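Okay, so here's the structure we're looking at.
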Amino acid sequence: MVDLAAKETISALVMQMILHKLFDADPSIRVIDPSNLGITNGAITTESGHFKRALAGATKKMKVLWPINCNNSHWCAVLMELEKGRVYVYDYMASSYATSVRAVAQLLITMLPDDVRPSSRLVTHDPGLGIQSDSYNCGVYVLLDFEMFCGSEPLGHLDKKTLQCMRYRYLRMCMKEEGSSSS
Numbered sequence: 001m002v003d004l005a006a007k008e009t010i011s012a013l014v015m016q017m018i019l020h021k022l023f024d025a026d027p028s029i030r031v032i033d034p035s036n037l038g039i040t041n042g043a044i045t046t047e048s049g050h051f052k053r054a055l056a057g058a059t060k061k062m063k064v065l066w067p068i069n070c071n072n073s074h075w076c077a078v079l080m081e082l083e084k085g086r087v088y089v090y091d092y093m094a095s096s097y098a099t100s101v102r103a104v105a106q107l108l109i110t111m112l113p114d115d116v117r118p119s120s121r122l123v124t125h126d127p128g129l130g131i132q133s134d135s136y137n138c139g140v141y142v143l144l145d146f147e148m149f150c151g152s153e154p155l156g157h158l159d160k161k162t163l164q165c166m167r168y169r170y171l172r173m174c175m176k177e178e179g180s181s182s183s
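Structure representation (structure tokens):
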């Protein structure tokens with residue numbers, strides 16, 4: 001969790017912890033553990049059977065969130081809105097990883113059960129957060145995109161102060177004990 005307080009990219013473990021806190025209570029949102037999916041040097045580092053298992057039982061009412069860590073240095077995302085039949089790709093820096101993330105998204109579409117499989121057309125997701133201007137807040141951008149995709153209010157373009165506040169918010173969320181009613 002120290003990575004949330006420091007100026008560094010958040011780890012897959014911390015990403016999963018925050019996503020668990022944010023979305024586990026909602027059965028209409030399926031979050032895929034980021035430690036099970038990666039892209040290294042443009043290649044998908046996960047065997048395809050994992051994707052099928054992760055997507056088994058998906059329904060038309062679900063949103064599926066796929067945080068993707070590229071080379072352990074950059075977070076991107078695939079977002080699926082199965083009810084609308086849409087798949088979005090999110091890379092706020094329009095980095096060189098975008099092509100690999102799009103390839104992952106295309107593969108994921110083929111792994112969905114037939115009755116919920118959306119169009120293979122991918123859409124770039126733009127939540128209006130602006131372009132990342134540092135080298136370490138990529139995970140925060142992905143988390144905020146997931147939150148807005150699932151119904152949170154838009155924040156608009158993010159400045160450094162807001163990003164730091166979001167990092168502390170996520171740190172506090174991780175440190176909060178299970179079952180605590182205080183906020």
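Just so we're aligned, residue 1 is where the sequence shown starts under the numbering used here, counting upward by one.
Beta carbons are placed, not taken as given, at the ideal position from N, Cα and C, and that holds for glycine.
What you are looking at is a predicted structure, and each value in this text was computed from that prediction instead of being measured.
{"query": "With distance defined between alpha-carbon atoms, name the residue in 75, 20, 11 and 29 nearest to residue 83.", "result": "29"}
{"query": "With burial defined as no fewer than 16 other Cβ atoms inside 10 Å of the residue's Cβ, what is the status of residue 157: buried or exposed?", "result": "exposed"}
{"query": "Determine the closest residue to residue 44 out of 64, 24, 72 and 174, with distance taken between C-alpha atoms.", "result": "72"}
{"query": "Any idea which residues DSSP pairs residue 64 with across the strands?", "result": "30 and 80"}
{"query": "Thinking just about the alpha-carbon of each residue, which of 69, 41 and 36 is nearest to the one in residue 53?", "result": "36"}
{"query": "To the nearest whole angstrom, what separates the beta carbons of residue 65 and residue 32, a pair I think is in contact under 8 Å?", "result": "7 Å"}
{"query": "Check the C-beta distance from residue 90 over to residue 26 and give it rounded, since I have them as a contact under 8 Å.", "result": "Incorrect: roughly 19 Å between the Cβ atoms, too far for contact."}
{"query": "At what residue ranges does the stretch 83 to 157 contain a whole run of the alpha helix (DSSP H), taking only runs of 4 or more?", "result": "98 to 111 and 138 to 149"}
{"query": "Please classify residue 18: does DSSP put it in a helix, a strand, or coil?", "result": "helix"}
{"query": "Which residue wins for smallest C-alpha separation from residue 152, given the options 172, 23 and 15?", "result": "23"}
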